Amino acid sequence: MANLKSVQEGIVNSQIWKSVFRVGIPNTNRKRVLAVLGSLILHLHPVKVRRSGVRMSYTWCMGGTSFFLFLVETVTGLLLMFYYRPTIEYAFTDILDLREQAPFGIMREMHRWGAHAMVIAVWLHMFRVFMTGSYKPPREFNWNIGVILLVLTLLLSFTGYLLPWDQLAIWAITVGSNMARATPGAGNEGPMSGLIKLGDIRLIHAGDDARFALIGGRSIGPSTLLRFYVLHCMVIPLAAGFLMAIHFWRVRKDGGISGPL
Amino acid sequence: MAEEITPFQVAPKTPLAGSAAADIRDQGEITRRSFPLVLTTAWVALAAALGGLASILGRFMFPNVLFEPVQKFKAGFLNDYTVGAVDERWKEKYGIWLVRNEKVMYALIAVCTHLGCTPNWLESQNKFKCPCHGSGYYRTGVNFEGPAPRPLERAKIFLDPADGQIVVDKSVQFHQERGEWTNPDSFIKT
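Sequences listed follow chains L and D, in order. Residue numbers for the first sequence follow the numbering used here, beginning at 1 and rising by one. Residue numbers for the second sequence follow the numbering used here, beginning at 1 and rising by one.
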């Protein structure tokens with residue numbers, strides 16, 4: 001045993017070990033705190049957590065579950081990108097290939113079911129935050145960040161829905177993107193859009209309105225597929241990741257997970 | 001002559017002759033008085049640059065060339081179409097039904113007015129039926145069942161004066177509920 005202990009001390013006191021873990025063996029409270037604060041990964045977790053913060057019946061752990069599912073979607077989505085080509089020639093057959101031929105055909109199903117689960121988890125998280133009154137000051141700013149994150153989650157689902165390029169996808173996005181026609185001042189059927197005129201010529205029409213910019217044309221087509229692919233894989237995940245960083249940071253700065261009154 | 005510096009004065013009101021501060025003032029560089037103007041100019045320049053960047057990014061999302069079927073096409077001669085029939089030959093390519101009866105011919109746009117799906121022509125039931133949510137339209141394009149809020153739209157249709165062929169222009173649309181189906185551009189007399 002003495003031999004084992006000297007080996008352990010030898011490792012922990014070596015320069016390599018100390019270059020990574022500066023504190024040494026965290027055998028006092030002070031060292032434990034320093035070990036957490038000095039590590040990029042560990043410092044994401046608060047040094048202290050309220051007793052109520054780990055009570056499942058209070059938090060439902062839905063925020064953490066949402067984040068976990070976001071990570072699942074990121075990893076599985078990244079893997080799917082190795083096989084999927086966002087063009088009308090290949091999109092649908094690549095989906096079949098992912099299911100029938102690619103190794104671990106369950107990967108696409110995990111991405112799909114994970115997406116459904118994430119939407120449910122985000123709604124339940126919002127419901128819990130609402131029912132426990134955790135949107136109240138000083139957390140009102142973070143509630144707003146959360147609302148934007150909810151919308152981004154739904155947009156991720158919406159943009160991902162088109163990518164299989166089957167009949168369900170095309171018509172669902174046809175129906176869904178028609179809502180953009182009604183954008184006030186920017187959609188060709190929206191309120192106030194008719195007022196933007198140059199003489200008798202309407203400046204907002206089907207060829208230059210908000211829907212046109214979203215789907216890259218007058219109807220769902222190759223450019224829509226490419227646009228939704230870029231939005232789904234890059235733009236929205238980066239925006240959501242940035243807002244999540246703020247969201248988690250604010251949870252800590254606003255006094256940690258709210259507790260029962 | 002340089003001002004005398006009292007113990008209560010932190011800095012001279014005017015820079016001492018020959019001092020670095022006097023040099024800066026002589027060279028027309030930023031002074032306390034000119035600073036607000038410089039600051040305002042800088043903010044305006046920054047706002048203009050960001051505004052320009054934002055409009056470039058916005059404009060970038062609007063393509064100049066669309067790889068879509070053209071909005072205006074020639075559909076052959078009147079005699080190619082049977083009286084009393086709904087013609088589906090242009091539906092796949094252009095999304096247009098040409099309907100001819102004893103008096104007129106008109107072009108219906110095959111986009112459901114509910115949520116934008118493509119309805120089907122059911123010859124045996126003498127109606128257009130949308131597969132998405134079940135909206136039904138008479139052969140005139142007027143809705144009679146399902147959630148569709150208004151009739152199908154008609155496209156501009158006319159005979160080419162040069163060769164007498166039918167021309168359909170989808171970019172000009174006529175709404176029945178606005179009373180536009182009486183417009184002479186919305187049908188051809190046969």
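No residue lacks a Cβ here, since even glycine has one placed at the ideal position from N, Cα and C. These figures come from a predicted structure and were not determined experimentally.
Shown here for Thr118(D): same chain residues with a beta carbon closer than 6 angstroms to its own, the five before and five after excluded, namely Ala110 in chain order. For Tyr106(D), the enclosing beta strand (DSSP E) covers residues Val104 to Ile109.
By the beta-carbon neighbour count (other beta carbons within 10 angstroms, threshold 16), Thr59(L) is buried.
DSSP, read as helix, strand or coil, puts Arg100(D) in strand. DSSP places Phe141(L) in the uninterrupted alpha helix (DSSP H) bounded by Glu140 to Leu162.
Minimum Cα-Cα distance from Gln125(D) among the listed residues Gly76(D), Val86(D) and Ala48(D) corresponds to Val86(D). For Val175(L), the C-beta contacts it makes with chain D under 8 angstroms involve Leu115, Gly116, Cys117 and Cys132, in order along the chain.
The bridge partners DSSP lists for Glu145(D) are Gly136(D). In the three-state reduction of the DSSP assignment, Ile120(L) falls in the helix class, which pools H, G and I. In the structure shown, Val47(L) adopts coil according to DSSP, grouped into three states. Within the model, the alpha-carbon separation for Thr93(L) versus Tyr135(L) is close to 46 angstroms. Residue range Asn29 to Leu37 is occupied by the alpha helix (DSSP H) that includes Val36(L). Exclusion of the five residues before and after Glu123(D) leaves Val86 as the residues of its chain whose Cβ lies within less than 8 angstroms of its Cβ. Excluding five sequence positions before and after Arg55(L), none of the CB atoms of its chain fall closer than 6 angstroms to its own CB. By the Cβ-count criterion, Pro86(L) is buried, with 16 or more other Cβ atoms from all chains shown falling within 10 Å of its own Cβ. Residue state for Leu122(D) is assigned as strand, using DSSP reduced to three classes.
In the DSSP assignment, Leu168(L) falls within the alpha helix (DSSP H) that extends over Gln167 to Ser177. Phe35(D): member of the alpha helix (DSSP H) spanning Phe35 to Phe60, first to last residue.
Sixteen is the threshold: when 16 or more other Cβ atoms of the shown chains lie within 10 Å of the Cβ of Lys156(D), as they do, the residue is buried. Here the C-alpha atom of Leu154(L) lies approximately 46 angstroms from the C-alpha atom of Leu37(D). Distance from the CA of Gly38(L) to the CA of Asp23(D), rounded to the nearest whole angstrom, comes to 50 angstroms. Between Phe144(D) and chain L, the shortest Cβ-Cβ separation is not below 8 angstroms. Contact between Ala180(L) and Arg211(L) holds: their C-beta atoms lie close to 4 angstroms from each other, under 8 angstroms. Its Cα nearest to that of Gln173(D), the residue Pro184(D) stands out among Pro184(D), Gly164(D), Asp163(D) and Val83(D). When DSSP states are grouped into helix, strand and coil, Val235(L) belongs to the helix group. Less than 8 angstroms divides the Cβ of Gly217(L) from the Cβ of Leu66(D). Assigned with DSSP and collapsed to three states, Phe158(D) falls in strand. In chain order, Arg150 place their CB closer than 6 angstroms to the CB of Glu177(D), counting only its own chain and leaving out the 5 sequence neighbours on each side.
Close to Phe212(L), with beta-carbon spacing below 8 angstroms, are these residues of chain D in chain order: Phe62.
The beta-carbon of Leu46(D) is placed no less than 8 angstroms from the nearest beta-carbon of chain L. When 9 angstroms is used as the limit between beta carbons, Glu180(D) is near no residue of chain L, the shortest such separation being about 15 angstroms.
Listed along chain L, the residues sitting closer than 9 angstroms to Leu66(D) by beta-carbon distance are Gly207, Gly216, Gly217, Arg218, Gly221 and Ser223. DSSP places Lys5(L) in the helix class (H, G or I) of the three-state scheme. For Asp94(L), the uninterrupted alpha helix (DSSP H) segment begins and ends at Ala91 to Glu100. Between the beta-carbon of Pro184(L) and that of Gly190(L) there is about 5 angstroms, and that keeps the pair under the 8 angstroms contact cut. Within a 10 Å sphere around the beta-carbon of Leu44(L) sit fewer than 16 other beta-carbons, which makes this residue exposed.
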